[in-house]
Amino acid sequence: MGPAPTGPPGPPTASASAAPAPAPAAAPGGPPGAAARTASDPVVPGQAGPRDAGRPAEPAQRYPRPVVAELRLSAFGPHRSALFPLGPLTLFAGPSGSGKSQALEAYAALAGLASGATLEEAFPDPCARIPDRAVPDAQRRRGFRLGVTVEGPAGAVRLDLAVQAEPTLRIVGERLSQGGQILLATALRDPGRRSVQAAWLTGGAIGVTRAPLPDDRLGTALLPLRVAGSTAGQRQVLAAAEQVVVALRAVFPCDPRPDRMRAAVPPGEGRLLGDCANLADVLRRTRSECGTRHALLAEAARTGCAGPVLGLDVRAPSGGGGPVAAVLDRGPDRPATELARLAAGELRFLALALVLLTGPGVLAVDPAAELLSARQALTVLADDFDRGLDRRQSAELLRLALLSCGRGHIRLVAAVGEGTAAAARDLEGVAVVDLGA
200 MGPAPTGPPG
210 PPTASASAAP
220 APAPAAAPGG
230 PPGAAARTAS
240 DPVVPGQAGP
250 RDAGRPAEPA
260 QRYPRPVVAE
270 LRLSAFGPHR
280 SALFPLGPLT
290 LFAGPSGSGK
300 SQALEAYAAL
310 AGLASGATLE
320 EAFPDPCARI
330 PDRAVPDAQR
340 RRGFRLGVTV
350 EGPAGAVRLD
360 LAVQAEPTLR
370 IVGERLSQGG
380 QILLATALRD
390 PGRRSVQAAW
400 LTGGAIGVTR
410 APLPDDRLGT
420 ALLPLRVAGS
430 TAGQRQVLAA
440 AEQVVVALRA
450 VFPCDPRPDR
460 MRAAVPPGEG
470 RLLGDCANLA
480 DVLRRTRSEC
490 GTRHALLAEA
500 ARTGCAGPVL
510 GLDVRAPSGG
520 GGPVAAVLDR
530 GPDRPATELA
540 RLAAGELRFL
550 ALALVLLTGP
560 GVLAVDPAAE
570 LLSARQALTV
580 LADDFDRGLD
590 RRQSAELLRL
600 ALLSCGRGHI
610 RLVAAVGEGT
620 AAAARDLEGV
630 AVVDLGA
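Using this note's numbering, read the sequence shown as starting at 200 and increasing by one per residue.
This is the structure:
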């Protein structure tokens with residue numbers, strides 16, 4: 200796979216008959232695609248008149264909450280022309296090296312960009328994302344392509360991104376489209392400047408607005424700050440951009456680290472971190488504020504932890520203010536067991552069960568403030584979801600995931616081993632993506 204092109208897949212137009220596919224990257228050793236050779240500016244040919252500008256591309260509204268329904272890895276690490284539909288509960292399975300982790304990393308990177316992260320923050324090791332066997336062009340450029348489709352009240356919206364990883368990390372092409380109508384397109388006009396030329400649909404007498412945008416940030420996330428929303432076209436662009444941003448921002452990457460979960464922790468705001476190191480503090484909060492969820496977690500602990508479990512409790516020094524430690528209540532006449540004494544699999548199980556039974560108010564995520572939590576769906580990303588778990592624990596977590604994901608507020612995208620994948624294939628409501636088959 201060759202370098203990322205310096206132009207976008209296409210410019211914004213007022214209408215189109217079919218959704219255009221991403222422009223293909225060059226073959227290994229070949230020159231960039233035609234867009235890279237000719238598109239120095241996202242010029243908009245054949246602009247429609249005011250009557251057609253801004254016409255909604257899709258009247259249907261499939262989802263009440265914005266969700267990422269499809270992940271596209273056109274040229275990303277081991278993936279080429281890969282398209283992964285994502286349901287409420289999606290598990291990636293496959294042998295080592297098949298690209299399970301890279302798929303989740305691509306999703307997490309797009310989530311970071313939508314939250315305002317720079318390209319360097321989202322891709323700390325961009326060269327590792329360059330497609331396998333990619334050969335640089337005459338300008339020594341190599342890169343990667345990825346994108347998503349977001350379903351929601353505005354309909355299906357596509358975001359496609361072309362990133363140059365070498366010799367300089369930068370976004371060289373971005374496209375936001377809906378129903379074949381390109382709402383935003385960017386192109387690298389001057390390689391000597393750290394900006395791209397952007398064009399987005401305006402409608403009315405103007406048709407299209409052009410302006411430079413930084414080449415290290417997601418243009419779609421910047422549109423709500425640049426578009427006034429005074430025309431039908433602008434309102435369509437805003438609705439599409441905001442839907443994509445809301446869906447991508449509502450992500451909680453989770454990788455419980457038992458080595459960090461054993462120590463007592465100082466009391467805080469009780470929002471679970473991605474490594475779950477502050478599990479004891481979160482249990483302190485759920486015990487006092489979320490009685491129903493805490494009881495469900497204690498019930499799950501009876502299945503996932505060895506020995507009898509009456510409940511989950513928290514110990515703190517008398518007078519308060521000191522560090523808190525979580526314990527398993529073993530029942531009358533039996534000493535409680537501090538979480539520090541539990542096996543690594545038990546700790547991971549408890550942390551993941553807590554994640555699946557709670558939501559944005561308890562997890563350390565920063566969803567879009569402009570939309571009520573009840574109208575957002577939180578996506579949990581979990582690589583090595585079943586690492587260190589036995590069959591009984593994995594089965595219980597799948598049960599909890601089906602329960603939570605079935606309500607629509609929580610979605611799970613995880614990478615799992617073959618044992619968990621084999622059990623999940625027989626479960627209605629679980630989509631298993633087999634890689635390397």
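We treat Cβ as the ideally placed atom computed from N, Cα and C, and that holds for glycine.
Checklist entry - In the DSSP assignment, what residue or residues form a beta bridge with residue 452? => result 580
Checklist entry - Going straight from the alpha carbon of residue 609 to that of residue 531, what length do you get? => result 36 Å
Item to check | Anticipated Cβ contact below 8 Å, residue 305 with residue 282, distance rounded | outcome: The pair is not a contact, with the Cβ atoms about 12 Å apart (cut-off 8 Å).
Item to check | residue 367 burial status per 10 Å Cβ neighbour count (16 or more: buried) | outcome: exposed
Next on the checklist: What would DSSP say about residue 342, mapped onto helix, strand or coil?
Outcome noted: strand
Next on the checklist: Just verifying my parser: in three-state terms, what is the DSSP assignment at residue 297?
Outcome noted: coil
Next on the checklist: Classify residue 234: buried if its beta carbon has 16 or more other beta carbons within 10 angstroms, exposed otherwise.
Outcome noted: Unreliable positioning characterises residue 234 in this predicted model, as indicated by a pLDDT of 35, which lies under 50. The coordinate reading is nonetheless provided below. Looking at its Cβ environment, which holds 16 or more other Cβ atoms inside 10 Å, residue 234 is buried.
Checklist entry - Below 8 Å, can you find three or more Cβ-Cβ pairs linking the region 450-463 to the region 538-549? => result yes
Next on the checklist: Please state the DSSP three-state secondary structure of residue 588.
Outcome noted: coil
Next on the checklist: Assess contact between the region 511-518 and the region 427-439, defined as three or more Cβ pairs (one per stretch) separated by less than 8 Å. Is contact present?
Outcome noted: no
Checklist entry - How about residue 633 and residue 293: do their beta carbons lie closer than 8 Å? => result yes
Item to check | Runs of beta strand (DSSP E) wholly within the region 412-460 (minimum 3 residues, chain order) | outcome: 450-452
Item to check | Residues sharing a beta bridge with residue 385, DSSP | outcome: 373 and 397
Next on the checklist: Using only the alpha-carbon positions, how far apart do residue 337 and residue 364 sit?
Outcome noted: 15 Å
Checklist entry - When burial is assigned at 16 or more other CB atoms within 10 Å of the CB, is residue 328 buried or exposed? => result buried
Checklist entry - Expressed to the nearest angstrom, what Euclidean distance is found between the alpha-carbon atoms of residue 539 and residue 319? => result 36 Å
Checklist entry - For the alpha helix (DSSP H) that contains residue 285, what are its first and last residues? => result Element bounds for residue 285: n/a, residue is neither H nor E.
Next on the checklist: Quick check: what's the CA-CA separation for residue 157 versus residue 274?
Outcome noted: Look at the range of the chain in this structure, 200 to 636, and you will see that residue 157 is not part of it.
Item to check | Cβ pair count under 8 Å reaching 3, the region 446-453 against the region 480-492 | outcome: no
Item to check | For residue 357, three-class secondary structure by DSSP | outcome: strand
Next on the checklist: Pairs of beta-carbons, one from the region 332-348 and one from the region 419-434, closer than 8 Å: are there three or more?
Outcome noted: no
Item to check | Extent of the continuous beta strand (DSSP E) run through residue 271 | outcome: 266-275
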